[in-house]
Structure formats: structure tokens, C-alpha cells
Amino acid sequence: MTRRAIYPGTFDPLTNGHLDIIERSAHLFDEVIVAVLLNIDKRPMFTTDERVDMVRRAAQWDNVKVGTFEGLLVHYAVEQDAQVIVRGIRAISDYEYELQMALMNRRLEPRMETVFLMAAEAYSYLSSRLIKEVFKLGGSITGLVPGLVEEQMRAKASEEAAGPGE
Ligand code: ADP
Numbered sequence: 001m002t003r004r005a006i007y008p009g010t011f012d013p014l015t016n017g018h019l020d021i022i023e024r025s026a027h028l029f030d031e032v033i034v035a036v037l038l039n040i041d042k043r044p045m046f047t048t049d050e051r052v053d054m055v056r057r058a059a060q061w062d063n064v065k066v067g068t069f070e071g072l073l074v075h076y077a078v079e080q081d082a083q084v085i086v087r088g089i090r091a092i093s094d095y096e097y098e099l100q101m102a103l104m105n106r107r108l109e110p111r112m113e114t115v116f117l118m119a120a121e122a123y124s125y126l127s128s129r130l131i132k133e134v135f136k137l138g139g140s141i142t143g144l145v146p147g148l149v150e151e152q153m154r155a156k157a158s159e160e161a162a163g164p165g166e
């Protein structure tokens with residue numbers, strides 16, 4: 001049986017913390033699907049296509065694939081024939097919400113197991129939100145996100161500075 005795991009998230013943008021979890025998962029499972037969430041309420045900095053592209057280019061392990069989903073994660077996971085949902089835990093503050101989600105997902109789909117992986121210490125304080133905040137204020141994010149993500153953030157910032165095109 002192919003052990004297939006889904007790693008869902010917004011990835012707006014992908015950080016080295018996410019990438020570390022993807023790499024750990026790639027070693028643990030036969031196949032990992034990084035599932036990028038569509039249609040999020042909060043206006044994302046990057047479009048779905050841009051976020052998918054970022055993950056595709058940065059997560060270059062043979063057994064890692066990228067997909068998109070909307071609606072219930074467990075429906076997508078069943079559709080993809082996955083047995084495991086992977087989530088990253090940075091601190092106790094993540095745990096409460098993650099536990100709630102994991103238990104709800106178990107209720108919805110008892111066969112689906114949620115596996116929590118501990119963040120690498122070096123990235124355990126990183127969140128996409130913090131990256132965006134520091135970047136907007138002109139701070140360096142080098143070493144915290146993949147190089148190509150940093151480039152895309154710069155490109156996005158100059159696009160915005162140029163104003164909306166017709
Ligand atoms: P969401 O909006 O679903 O929280 P994110 O893209 O922010 O999506 O995160 C996806 C998953 O990655 C979550 O399980 C989150 O806890 C985990 N994660 C986020 N940042 C890090 C990090 N720096 N190290 C490890 N895991 C992380």
C-alpha cells in the first residue's frame with residue numbers, strides 16, 4: 001500500500017519552516033501532496049497559481065506533489081487516497097487549534113490520521129504573516145524563505161508600487 005500524506009496550508013508565502021516540514025514528510029511517507037488552500041477569506045498576497053508555483057519550484061523531492069483544494073480537507077484527502085494529514089507544530093499556541101481541527105477531522109473521517117511534526121528550532125518562530133510584515137517594513141527575510149520566494153516578494157512589491165495597471 002502506498003502511504004500517502006497530505007500537507008495542507010495557505011502557503012502565503014511558502015517559508016523555510018514549511019519546506020522543512022515537507023522534507024521531513026517526504027522521508028516518512030511514500031508520497032506527499034502539498035495541498036494549497038483556495039479561496040481563503042483573508043486576501044492573500046499571492047494568487048493560488050503563484051503559491052502553487054512557489055511550492056512546485058522549491059519542493060523538489062521526487063515523491064512530493066502539489067495540489068489545490070477547497071471545502072473540507074478530509075473530502076480532498078479521501079479523494080486523493082491519502083491516509084494521513086500532516087501539520088506542523090511550532091509552539092503550544094499552535095497546539096490548541098491544531099488539536100481541535102484534528103479531532104474534528106477524525107470525527108468526519110475516522111480513518112484519517114493527523115500527524116504532527118515539530119518545527120525545526122531555527123524556523124519555529126516563523127509564520128507567513130510575520131514574513132510579510134517584516135518584508136513590508138523593509139526588514140531582511142533572507143534565509144527564512146526560499147530564494148525564489150524572496151524574489152517573488154520583491155517582484156510583487158514593485159508591481160504594487162507601480163500601481164494597478166489597466
Ligand atoms: P494555515 O493557514 O493552514 O495555518 P500555513 O500555510 O500558515 O497554513 O501553515 C500550514 C502548516 O504549516 C500548519 O500546520 C502550520 O502549523 C505549519 N507551519 C507554519 N509555519 C511553520 C514553521 N515555521 N515551521 C513548521 N511548521 C509550520
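Just so we're aligned: the sequence shown equals residues 1 to 166 in our numbering.
C-beta atoms are modelled at their ideal positions from N, C-alpha and C, and glycine is treated no differently.
Because the structure is a prediction, the values reported are computed rather than measured.
Could you tell me which residues DSSP puts in a beta bridge with residue i?
{"i": "V145", "result": "T142"}
{"i": "F237", "result": "Residue coverage of the chain in this structure runs from 1 to 166, which leaves residue 237 outside it and unanswerable."}
{"i": "V168", "result": "Nothing in the structure corresponds to residue 168, since the chain is present only between 1 and 166."}
Identify, in the order they occur along the chain, each residue of the same chain with its Cβ nearer than 6 Å to the Cβ of residue i, setting aside the five sequence neighbours on each side.
{"i": "P44", "result": "D12"}
{"i": "L38", "result": "T48, T68, E70"}
{"i": "Y76", "result": "F69"}
Once the 5 residues before and after residue i are set aside, which same chain residues still bring their CB inside 8 Å of it?
{"i": "L73", "result": "I6, P8, A35, I85, N105"}
{"i": "V145", "result": "P13, L14, T15, N16, I131, M153"}
{"i": "R4", "result": "F29, D30, E31, V32, I33, Q80, D81, A82, Q83, V84"}
Cutting at 7 Å between CB atoms, please list the residues of its own chain near residue i, excluding the five before and the five after it.
{"i": "Y95", "result": "I89"}
{"i": "M153", "result": "P13, F135"}
{"i": "E150", "result": "I141, T142"}
Alpha carbon to alpha carbon, how far is residue i from residue j?
{"i": "R111", "j": "Q83", "result": "7 Å"}
{"i": "R56", "j": "F46", "result": "14 Å"}
{"i": "S127", "j": "T15", "result": "7 Å"}
{"i": "L28", "j": "D62", "result": "13 Å"}
{"i": "I92", "j": "M101", "result": "15 Å"}
{"i": "G139", "j": "E133", "result": "9 Å"}
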